[in-house]
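What follows is one structure encoded as structure tokens, with my remarks underneath.
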């Protein structure tokens, strides 16, 4: 799946902005019939994508905008391949870290890196320090939604295992994920973690927490899940209809709240 979290051979720790191979897990495959020259070009682009990802993460941590000129300098003025490198880097930070790269000033080609899906929490202070963990949170919210708005702990780990995250095992980017998921996300109000009633043997399940309901929508989370699968939200008919209904209800709630506010003045 896109944005696979597994380490590639020779990968460096992504917390260091200089690590050229930090995020090569989803690098382009090179066929055996390709020429050595094209292979070198592909691998060189992979390295530039990794360097740009690390640079964007650094800018996010520093809360600084980034210009096209900045990015070109980081990838050694590779302007001819810049659009492709930028696209791949933006997809990487979206799928791995739950961050969006947005152009905030088209005239000066200035960009900003923001938390995705309306969420305000990035988990930077939990687990592996300095690494945004919103991508994991959105993925878990997506699994819960796809499973009927509640998912067992076993179902959550089944999906996370595919991405290279295992309970009790330190991940090369995110550290040990169990505490992050069962404690930190719960404490912050994004997840609820509870025992399944009448389950024998005993079983735990996850639900959306109040902060997840307040900050994001089922449609935004479904869009993320659809992108992970390389499709669009309407490819999941029942969830799509539920997400549309959720959008309507939230819009109506906003209108009602606005009317109530104005009626007081």
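In full-length UniProt numbering, the protein residues as written are 1 to 265.
For each residue, glycine too, the CB sits at the ideal point set by N, CA and C.
Measure from the alpha carbon of residue i to the alpha carbon of each residue in the options, then state which is nearest.
i	options	result
residue 196	108, 112, 205, 189	205
residue 89	192, 121, 47	47
residue 135	251, 241, 106, 190	190
residue 84	108, 50, 105	50
residue 153	110, 194, 137	194
residue 45	131, 80, 59, 216	80
residue 217	68, 188, 138	138
residue 307	157, 257, 213, 173	The displayed coordinates of the chain run from 1 to 265. Any statement about residue 307 would go beyond what the structure contains.
residue 107	67, 222, 257	67
Mapping DSSP to helix, strand and coil, what is residue i?
i	result
residue 193	strand
residue 78	coil
residue 121	coil
residue 16	Because the pLDDT at residue 16 is just 40, under 50, the model does not fix this residue reliably, and the value given afterwards should be weighed accordingly. In the structure shown, residue 16 sits in coil (DSSP, three-state: anything other than H, G, I, E or B).
residue 213	helix
residue 67	strand
residue 59	helix
residue 185	helix
residue 8	Unreliable positioning characterises residue 8 in this predicted model, as indicated by a pLDDT of 36, which lies under 50. A coordinate reading is not provided.
residue 170	coil
residue 29	Interpretation of residue 29 is limited by its pLDDT of 25, a score under 50 that renders its predicted location unreliable; the figure taken from the coordinates is listed afterwards. In this structure, residue 29 counts as coil in the three-state DSSP scheme.
residue 24	Interpretation of residue 24 is limited by its pLDDT of 28, a score under 50 that renders its predicted location unreliable; no figure is taken from the coordinates.
Answer with buried or exposed for residue i, where buried requires no fewer than 16 other C-beta atoms within 10 angstroms of its C-beta.
i	result
residue 98	buried
residue 63	exposed
residue 125	exposed
residue 181	buried
residue 57	buried
residue 87	exposed
residue 239	buried
residue 74	buried
residue 148	exposed
residue 104	exposed
residue 210	exposed
residue 251	exposed
residue 202	exposed
residue 229	exposed
residue 199	exposed
residue 144	buried
residue 16	No answer about residue 16 holds up, because its pLDDT of 40 lies below 50 and its placement is not dependable.
residue 162	exposed
residue 254	exposed
residue 133	buried
residue 248	exposed
residue 235	exposed
Would residue i and residue j qualify as a contact pair, given that the criterion is a beta-carbon distance under 8 angstroms?
i	j	result
residue 53	residue 115	no
residue 226	residue 237	no
residue 123	residue 70	no
residue 164	residue 178	no
residue 207	residue 150	yes
residue 173	residue 113	no
residue 96	residue 111	no
residue 219	residue 243	yes
residue 215	residue 119	yes
residue 141	residue 221	yes
Tell me the residue span of the beta strand (DSSP E) that contains residue i.
i	result
residue 99	99-105
residue 135	Element bounds for residue 135: not the beta strand (DSSP E) but the alpha helix (DSSP H), 134-146.
residue 111	110-115
residue 205	204-208
Under 8 angstroms, Cβ to Cβ, is there at least one residue of chain D near residue i?
i	result
residue 67	Of the chains in the structure shown, none is chain D; there is only one protein chain.
Counting along the chain, where does the alpha helix (DSSP H) carrying residue i start and finish?
i	result
residue 160	153-162
residue 222	218-228
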